[in-house]
Amino acid sequence: MTIALVAIAIFVVIVLWGVAVYNKLVRLRALVREAFSGINVQLRRRADLIPNLVETVKGYATHERETLEAVIAQRGNAVAAKGVEATAQADAMMTGLLGKLMAVAEAYPELKADANFRKLQDELTATENELQAARRYYNATARDLNTKVQSVPDVIIAGPTGFTTEPYYEDSDPAIQSAPKIDFAS
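This note's numbering puts the first residue of the sequence shown at 81, with every later residue one more than the last.
Here is the structure:
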């Protein structure tokens with residue numbers, strides 16, 4: 081009788097541990113998805129600023145049509161990207177093109193003095209800062225999930241229940257891992 085009670089108690093403890101691990105994995109996966117959604121929110125905010133920025137630049141720099149069209153085209157790609165890797169690539173391309181757009185703006189002192197342009201530039205800077213924070217948060221939640229999924233004894237529950245590691249949000253080009261630095265003071 082005592083052996084049966086001990087066996088039942090051990091079984092109950094193992095089941096409760098399995099449920100606790102599973103629930104922790106579900107919570108971590110939800111955090112990763114929420115974090116990725118946060119990146120998408122900031123990318124959408126940046127994409128929404130771009131048409132106004134392009135229109136403002138267009139008024140001063142009409143012969144820079146190729147750069148302006150490339151920015152608009154990439155805006156569509158950035159919004160349509162699916163998955164972490166595709167989103168990171170589209171984000172990196174957009175960051176590079178925004179740097180080119182700001183370089184075009186640098187050549188036009190009247191544009192740099194334009195109140196609308198300055199306001200859009202400030203909003204874009206704030207969005208880039210939020211985007212950077214969202215990327216860090218995503219990578220932190222992916223790290224937590226990946227650690228849990230790969231750690232013993234949690235891997236015993238993670239594998240059979242379909243939990244896998246999540247990719248980190250990384251730019252493939254180290255030159256575009258930070259926002260472009262443009263000096264509009266001169």
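Glycine is no exception: its CB is placed at the ideal position from the N, C-alpha and C atoms.
Do you know offhand how far residue i's Cα is from residue j's?
i, j, result
"M81", "Y218", "51 Å"
"T205", "I152", "18 Å"
"T221", "A166", "19 Å"
"S266", "E203", "A caution first: S266 carries a pLDDT of 45, below 50, which makes its placement in the model unreliable, though a value can still be read off. Taking the straight line joining both Cα atoms gives about 20 Å."
"P131", "A150", "12 Å"
"G179", "A185", "10 Å"
"K104", "S117", "20 Å"
"L191", "L211", "26 Å"
"D134", "A213", "Looking at the sequence shown, residue 134 is not Asp but Val. Distance between the alpha carbons of V134 and A213: 25 Å."
"D251", "A172", "6 Å"
"Y140", "L225", "49 Å"
Does DSSP put residue i in a helix, in a strand, or in coil?
i, result
"A127", "helix"
"A187", "coil"
"M173", "helix"
"Y218", "helix"
"S117", "helix"
"M81", "coil"
"F197", "helix"
"A166", "helix"
"V92", "helix"
"A206", "helix"
For residue i, collect the residues of the same chain with a Cβ closer than 8 Å to its Cβ; drop the 5 residues on either side in sequence, then sort them by chain order.
i, result
"L200", "L129, N132, L133 and T136"
Pull up the CB-CB distance for residue i and residue j, whole angstroms please, since I reckon it's below 8 Å.
i, j, result
"Y102", "T207", "Not confirmed; about 37 Å, so no contact."
"M182", "R155", "At roughly 15 Å, the Cβ-Cβ gap does not stay under 8 Å, so M182 and R155 are not in contact."
Looking only at its own chain, which residues have a Cβ that is under 7 Å from the Cβ of residue i, when we skip the five neighbours before and after it?
i, result
"Y249", "I119, V164, A168, R215, Y218 and N219"
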